[in-house]
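Using full-length UniProt numbering, read the sequence shown as starting at 1 and increasing by one per residue.
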Amino acid sequence: MMLARLYELKEEKKDTQMRTAICPHERLTATLRFLATGQPYECLKYSTRISPQSLGQIIPDTCVALYKVQQKYIKFPNSTEKWKEISKDFENRWNYPHCIGAMDGKHIDIIPPRNSGSYYFNYKGKHSMVLLAIVDANYRFLLVDFGTNGRVSDGGVLQNTRFYEKLVEKNLHIPPPNDVTENFKNVPYVFVADDAFPLITEILKPSQGI
């Protein structure tokens, strides 16, 4: 479990005569609440019952620990067999053959750096950075890319990634097209996405006008 790995990466705090140590579970809960809401530490202290001063140390420390363990839990498929397993999950759960991932982008609001002008200004009228993610049939992350400025569309974010470069170079070990049924032949394996993404053989998006 991730909490167990957090214990390993971060020396467990001990109780002292002055205060009771905050356990990893409470540290993770406080960090996830902060990441989900963006609330200031002064506001979070009421829901977490942890002082702003402690939150200022706990949250950065926990983020570092999460970053260190993420490769254990976010694993990008590296073989044809693994892609086929993902495809089978989509077919079994969603009745969708030859799907190997669902992708989308999410704008994360930020306070822009000084003198950045409109660099992070997005179409929603806010400053943001874009998180691009691909998940499997069970909502588990296969890939996460974060850091592109909010002015860029989801499709533009995708095209700036190493993933897209390997995708168009046919270097991801994705299985070749094959028959789904007797009447549905030579079907490629695809990622599903919305209309913001480019339409290529490996990315399927909604048809215009439907």
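In this text, a Cβ means the ideal position worked out from N, Cα and C, and glycines have one as well.
Outcome for Arg93 when other beta-carbon atoms lying within 10 angstroms are tallied against a minimum of 16: Here the question's residue 93 lines up with position 93 in the sequence shown. Residue burial annotation: Arg93 is exposed, with fewer than 16 other C-beta atoms found within 10 angstroms of its C-beta.
Note down the Cα distance separating Ile174 from Tyr123, rounded to an integer number of angstroms. Counting from one through the sequence shown, the residue named residue 174 turns up at place 174. Counting from one through the sequence shown, the residue named residue 123 turns up at place 123. Taking the straight line from one Cα to the other gives about 34 Å.
Where do the ends of the beta strand (DSSP E) carrying His107 lie? Within the sequence shown, the letter at position 107 stands for residue 107. From DSSP, the beta strand (DSSP E) with His107 extends over Cys99 to Asp109.
Within the same chain, show all residues whose beta-carbon is closer than 8 Å to that of Asp194, passing over the 5 residues directly before and after it, in chain order. Looking up residue 194 in the sequence shown gives position 194. Cβ within range, chain order: Asp104, Asp154, Lys205 and Pro206.
Can you tell me whether Ile134 is helix, strand or coil according to DSSP? Indexing the sequence shown from 1 puts residue 134 at position 134. The three-state reading of DSSP puts Ile134 in strand, counting E and B together.
Spatial distance of Ala196 from Ala133 (CA atoms): What you label residue 196 is simply residue 196 of the sequence shown in a count that begins at 1. What you label residue 133 is simply residue 133 of the sequence shown in a count that begins at 1. Roughly 14 Å separates the two Cα atoms.
What residues match up with Leu204 in a beta bridge as DSSP calls it? Within the sequence shown, residue 204 is the residue found at index 204, counting from 1. According to DSSP, residue pairing for Leu204 in a beta bridge involves Val192.
Looking at residue 223: is its Cβ nearer than 7 Å to the Cβ of Val190? Residue 223 lies beyond the stretch modelled for the chain, which goes from 1 to 210, so this question has no answer here.
Which residues bound the beta strand (DSSP E) around Phe90? As a working mapping, residue 90 is identified with position 90 in the sequence shown. Premise fails: Phe90 lies in the alpha helix (DSSP H), Thr80 to Trp94, not in any beta strand (DSSP E).
Out of Asn183, Phe184 and Pro176, state which residue places its alpha-carbon closest to the alpha-carbon of Glu81. Here residue 81 refers to the residue found at position 81 when the sequence shown is read from its first residue. Its Cα nearest to that of Glu81, the residue Pro176 stands out among Asn183, Phe184 and Pro176.
So is Arg162 buried or exposed if we call it buried at 16+ other beta carbons inside 10 Å? Here residue 162 is taken as the residue at index 162 of the sequence shown, counted from 1. Burial check for Arg162: the Cβ neighbour count within 10 Å stays below 16, so the residue is exposed.
In three-state DSSP terms, what is Ser47? As a first step, residue 47 must be located in the sequence shown, where it is residue number 47. If DSSP states are grouped into helix, strand and coil, Ser47 belongs with the helices.
Check the C-beta distance from Thr48 over to Leu55 and give it rounded, since I have them as a contact under 8 Å. Counting from 1 along the sequence shown, the entry for residue 48 is found at position 48. Counting from 1 along the sequence shown, the entry for residue 55 is found at position 55. Cβ-Cβ separation between Thr48 and Leu55: approximately 7 Å, consistent with a contact (criterion under 8 Å).
Between the alpha carbons of Glu26 and Ile200, how many angstroms are there, rounded? As a first step, residue 26 must be located in the sequence shown, where it is residue number 26. As a first step, residue 200 must be located in the sequence shown, where it is residue number 200. Approximately 45 Å between the Cα atoms of the pair.
Measure the C-alpha to C-alpha separation of Pro198 and Leu158 and round it to an integer number of angstroms. Stepping through the sequence shown from its first residue, residue 198 is reached at position 198. Stepping through the sequence shown from its first residue, residue 158 is reached at position 158. Between Pro198 and Leu158, the C-alpha separation is close to 9 Å.
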